[in-house]
Structures are given as structure tokens and as C-alpha cells.
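Residue numbers (our numbering): 132 to 236.
Every residue gets a Cβ at the ideal spot worked out from N, C-alpha and C, and that includes glycine.
To start, the structure under review is shown below, and the notes come after it.
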Amino acid sequence: RWLDGTSKATRHPVLHVMEGYINFMCRYAAGDEAEVYKALGFSLYPRLVKLLVSHLDFADLGPAVEDFERRLQQRGFISAAETSLSRLVHGQREAQSQQPQLLVQ
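Below is the structure:
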């Protein structure tokens with residue numbers, strides 16, 4: 132039941148597991164205490180970002196990654212100003228749009 136809050140829009144298995152783990156920690160490890168949950172986010176989120184960057188292709192999963200980060204912001208795990216993953220997604224989109232396109236005839 133602790134995955135009830137996980138969005139079905141989280142299609143990638145890694146994002147689904149991470150969000151489920153965070154929800155579990157909120158309910159059971161943090162005891163639904165907002166300050167404890169926020170402190171866990173402050174401590175764990177930078178490591179989580181590094182992990183996701185090393186294992187995900189942001190070009191294909193951009194919207195799912197942005198939704199994941201937005202849900203963590205809404206739940207108070209990270210602040211609204213924390214946009215590390217969204218910035219990476221936008222940077223990768225911009226880099227791809229600037230690559231020369233090959234024309235195949």
C-alpha cells in the first residue's frame with residue numbers, strides 16, 4: 132500500500148522504484164513528519180540525482196524525469212527551487228536540437 136501515491140505516469144522501472152522507496156521512507160522511516168522527510172530529501176537527493184544521471188537516458192525519459200522531480204517537490208521531499216533533474220533534461224534537449232541533422236536520400 133505504500134506505493135499508492137506513486138503515479139502511473141512513472142513508466143521507467145528505475146523511477147518507479149525510486150519513488151516507491153521515497154514514499155516508503157516518508158511513511159515508515161520518517162513517520163510522516165514533514166521536517167524529517169525534508170531532511171532526508173536534503174541529504175539523499177543529490178546522491179539520487181547522481182545515480183539517475185549515471186543510469187538513465189534523459190533524451191528518451193525527459194518528461195518522466197521532470198514529472199518525477201515535480202512530484203517530489205509537491206510532496207516536500209525537495210524544495211520547489213530544486214530542479215537538478217529538470218535542468219539536465221533541458222540541457223540535453225538543447226544539445227540535441229543544436230546537433231546537425233543528417234539527411235538521408
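Original post:
Would DSSP call residue 193 helix, strand or coil?
Top reply: It is helical.
Original post:
Looking only at its own chain, which residues have a Cβ that is under 7 angstroms from the Cβ of residue 222, when we skip the five neighbours before and after it?
Top reply: Sequence-distant partners of residue 222 (beyond 5 residues in either direction) whose C-beta falls short of 7 angstroms from its own C-beta are missing from its chain.
Subject >> Same chain, Cβ closer than 6 angstroms to residue 172, neighbours up to 5 away in sequence not counted >> reply: So the qualifying residues of the chain are 208 and 209.
Original post:
Any idea if residue 159 is buried or exposed, counting beta-carbon neighbours within 10 angstroms, 16 or more meaning buried?
Top reply: With fewer than 16 other Cβ atoms within 10 Å, it is exposed.
Original post:
Would DSSP call residue 157 helix, strand or coil?
Top reply: Looking at residue 157 - three-state DSSP - the assignment turns out to be helix.
Original post:
Around the C-beta of residue 199, are 16 or more other C-beta atoms found within 10 angstroms, so that it is buried, or is it exposed?
Top reply: Looking at its Cβ environment, which holds 16 or more other Cβ atoms inside 10 Å, residue 199 is buried.
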